[in-house]
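Single-structure report; data block below.
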Amino acid sequence: MCSISPVTLSIKNYVVTEMTANMSGYRATDDCLQKVRDYFANRPFVVPAQRVEAQTFPTSATTTGIRTSQNIPLFHVTDLCILFLKDVRATTCQENPCYHNMQVITCGRNFSDMPMNTLDQQFFQMQLNARNLDLLFEATDEFEDASTTPRNTASRRLNPHTDLTSFMITLQCERNSNGALTFDGLYTNNQNVSLELRGGPIYQGDTDCYYNIDLMGKRPLHQIYALYIILSGYLDLLMEAHAFMMLITHLIK
1 MCSISPVTLS
11 IKNYVVTEMT
21 ANMSGYRATD
31 DCLQKVRDYF
41 ANRPFVVPAQ
51 RVEAQTFPTS
61 ATTTGIRTSQ
71 NIPLFHVTDL
81 CILFLKDVRA
91 TTCQENPCYH
101 NMQVITCGRN
111 FSDMPMNTLD
121 QQFFQMQLNA
131 RNLDLLFEAT
141 DEFEDASTTP
151 RNTASRRLNP
161 HTDLTSFMIT
171 LQCERNSNGA
181 LTFDGLYTNN
191 QNVSLELRGG
201 PIYQGDTDCY
211 YNIDLMGKRP
221 LHQIYALYII
231 LSGYLDLLME
241 AHAFMMLITH
251 LIK
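In structure tokens:
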């Protein structure tokens, strides 16, 4: 019998003399790769950029819920984020309104497809997916508590035992990209379009935890943040990729 034991090699210096690259669909020769280098030598690589714009809905919630709209242009919107302020003075504290039948309607589409209940499991899973927190990256306890902890019942309001002021609804308006070649964000061609938010409290009346009126009689407004992608950079990137594929096709022929 022979005994095989692990062996550790220590290499101080080495020289790579040969490398193999497997490319699906075609084989790139040295001449092809050199022409690609020459083609991109004087052409900058364009990285698509994003920006965020904030809008405040003109009317606040009532005892029966929210039904408000804002007319704004949409420039290739990829995500809509909705914030519910705790009160008019706590503008950095956003809490779960504990609403159901919530939807955003714009461009003839509903976001999400089904009305949302901000306390059920389906809504929580949707928020995890929208923020890429469902697989590799885990949500923080603060995020989970803000999205799943009830703040009222039919008979009383509940006192929070943890920080519940980091709540936000994220709605995806773009499909998952297949290699950065699919883009179908919301775009209205520089025209104003109605962006409507609607929903109602799970428990109405004195226990409604979002209908908070301060001493001056003011009620908190709700804000929506639209995440835009700057299309010029995105198109430049697609044009560079298209030019690269055209060059490869020409060289293969």
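Going by UniProt numbering, the first residue of the sequence shown is number 1, and it counts up by one from there.
Built from N, CA and C at the ideal position, the CB exists for glycine as well.
Check                                                                                                                                                                                            : Outcome
Residue 164 and residue 156 - do their beta-carbons sit closer together than 8 Å?                                                                                                                : no
Using alpha carbons as the reference points, say which of 108, 142, 61 lies closest to residue 86.                                                                                               : 61
Determine, using beta carbons only, whether residue 171 and residue 113 come nearer to each other than 8 Å.                                                                                      : no
Hey, how far is the Cα of residue 109 from the Cα of residue 90?                                                                                                                                 : 32 Å
Using only the alpha-carbon positions, how far apart do residue 254 and residue 121 sit?                                                                                                         : Residue 254 lies beyond the residue range present for the chain, which begins at 1 and ends at 253; the question has no answer from this structure.
Determine the DSSP secondary structure at residue 191, reduced to helix, strand or coil.                                                                                                         : coil
Measure the alpha-carbon distance for residue 138 versus residue 203 and round it to whole angstroms.                                                                                            : 31 Å
Is the CB-CB distance between residue 210 and residue 98 below 8 Å?                                                                                                                              : yes
Put residue 179 into one of helix, strand or coil per three-state DSSP.                                                                                                                          : The predicted model places residue 179 with a pLDDT of 49, which falls under 50 and marks its position as unreliable; any figure quoted below should be read in that light. Looking at residue 179 - three-state DSSP - the assignment turns out to be coil, as it is neither helix nor strand.
Are there 16 or more other CB atoms within 10 angstroms of the CB of residue 199, so buried, or fewer, so exposed?                                                                               : buried
In angstroms with no decimal places, state the Cα-to-Cα distance between residue 187 and residue 75.                                                                                             : 5 Å
At what residues does the beta strand (DSSP E) containing residue 56 begin and finish?                                                                                                           : 50-56
Tell me, which residues are paired with residue 65 by DSSP?                                                                                                                                      : 62
Let me check understanding here. Comparing Cα to Cα, which of 66, 51, 52 lies closest to residue 58?                                                                                             : 66
Measuring straight from C-alpha to C-alpha, what distance separates residue 19 and residue 136?                                                                                                  : 32 Å
Would you tell me roughly how many angstroms separate the C-alpha atoms of residue 197 and residue 83, rounded to the nearest one?                                                               : 12 Å
If you draw a straight line from the C-alpha of residue 241 to the C-alpha of residue 36, how long is it?                                                                                        : Unreliable positioning characterises residue 241 in this predicted model, as indicated by a pLDDT of 48, which lies under 50. A coordinate reading is not provided.
Let me check understanding here. Comparing Cα to Cα, which of 34, 33, 106 lies closest to residue 194?                                                                                           : 106
Between residue 168 and residue 103, which are expected to be in contact by the criterion C-beta below 8 Å, what is the C-beta distance as a whole number of angstroms?                          : The pair is not a contact, with the Cβ atoms about 16 Å apart (cut-off 8 Å).
Identify, in the order they occur along the chain, each residue of the same chain with its Cβ nearer than 7 Å to the Cβ of residue 147, setting aside the five sequence neighbours on each side. : 96, 124, 127, 167
Which stretch, first to last residue, makes up the alpha helix (DSSP H) that contains residue 143?                                                                                               : 141-148
Once DSSP output is grouped into helix, strand and coil, what is the label at residue 8?                                                                                                         : coil
Between 72, 52, 143, 117, which lies nearest to residue 81 when the distance is taken from Cα to Cα?                                                                                             : 52
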